[in-house]
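Worksheet: one structure, shown below.
In the working numbering, the protein residues as written are 1202 to 1487.
This is the structure in structure tokens:
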């Protein structure tokens, strides 16, 4: 479930605890994630200093002073636990990192993933953009590269629903199902609109909505639905700002009509039939 706002929130919390800290021990309890954890991670990053953690799409990147970079992907149910007191491995805990910060305090970070769709990896920092999970990522939502010209180029002559296009990480990195629904509602765009019919006006509304929805979600600490937990134990409050996601049969906040839910490419898709109306000939057939 964690999407860009949840990953950004996790990264920000993590940075407060481990920036410039030294990794003194790595313990791997279970390696059976989406791709098996390589035990070489221990020798690659133990006794190294953490530099500035950052995010790309839905991935947390933690570079070190030994030119190694740790990659954390939370998958569908993963989250990090962070504490200044020792932690014992519990059910679904896969990896524990023990660090010492600049105040000589020990910091413990545990990667937990019940459904095991996440991933932990380590690679040469100089080869970041060659990593198989990174090299095909689309633009970052907050970058200047996400603009009308870019979207029109990506959407040109493609017979795909705009909701599916928003979930395509090769176009825009980090957007998942929750925020795709909210972005389209704010833009007043029907989720089944074929992207080949997107014009400059629609592309402009979409660019603005992407940045605004994700920014607001980050400010609220993400959306705590089902599995997601912040490392500091705080919940994300953006769930109280959701306009359509998971609101099937409830009144639209804008027009008072009812929110509809359909299945699109295996994903629950929510929209207001009145606020997000479109001509049938422009829509993707279900």
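We put the beta carbon where it would ideally sit given N, CA and C, even for glycine.
Note that the C-beta distance between residue 1212 and residue 1283 is not below 8 Å. Annotation for residue 1264: 1252, 1270 and 1326 place their beta carbon closer than 6 Å to its own, counting only its chain and skipping 5 residues before and after. With distances taken between CA atoms, residue 1203 lies nearest to 1278 out of 1249, 1243, 1278 and 1215. In the structure shown, residue 1362 falls within a strand segment according to DSSP collapsed to helix, strand and coil.
Going by beta carbons, residue 1223 and residue 1301 fall inside the 8 Å limit.
Note that the C-beta distance between residue 1234 and residue 1339 is not below 8 Å. Assignment of residue 1238 by DSSP, reduced to helix, strand and coil, places it in the coil class. As DSSP reads the structure, residue 1400 sits in no beta bridge. Contact check for residue 1414 against residue 1384 passes: the beta carbons are separated by less than 8 Å.
In the structure shown, the three-state DSSP call for residue 1346 is coil. Contact between residue 1356 and residue 1477 fails: their C-beta atoms lie close to 18 Å from each other, not under 8 Å. Under the three-state reduction of DSSP, residue 1391 is assigned to coil, being neither helix nor strand. The C-beta separation of residue 1273 from residue 1321 comes to about 6 Å, placing the pair in contact by the 8 Å criterion. In the assembly as shown, residue 1289 is an exposed residue. Its beta-carbon has fewer than 16 other beta-carbons within 10 Å.
Ranked by Cα distance from residue 1406, the first of 1348, 1382 and 1460 is 1348. Apart from the 5 residues on each side of it in sequence, residue 1232 sits with its Cβ closer than 6 Å to the Cβ of 1238 in its chain, given in chain order. At the C-beta level, residue 1375 and residue 1368 stay beyond 8 Å of one another. Between the C-alpha atoms of residue 1391 and residue 1484 there is a straight-line separation of about 8 Å. Looking at the backbone, the Cα of residue 1336 and that of residue 1373 are separated by about 13 Å. If the five residues before and after residue 1275 are omitted, its C-beta is found closer than 6 Å to the C-beta atoms of 1203 and 1319, all from its own chain and listed in chain order. Secondary structure at residue 1447: coil, using DSSP grouped into helix, strand and coil. DSSP lists 1313 as the beta-bridge partner residues of residue 1280. When the alpha-carbon of residue 1359 is set against those of 1382, 1298, 1393 and 1463, the nearest one is in 1393. Residue pairing for residue 1226: DSSP places it in a beta bridge opposite 1299. Positions of the beta strand (DSSP E) runs, each at least 3 residues long and wholly inside the region 1456-1485, are given as 1460-1465 and 1468-1473 in order along the chain. Take the alpha-carbon of residue 1397 and the one of residue 1285: they are about 52 Å apart. The beta carbon of residue 1466 lies closer than 6 Å to those of 1365 in the same chain, with the five residues before and after it left out. When beta bridges are read from the DSSP output, residue 1332 appears opposite no residue. Annotated three-state conformation of residue 1211 is helix, per DSSP.
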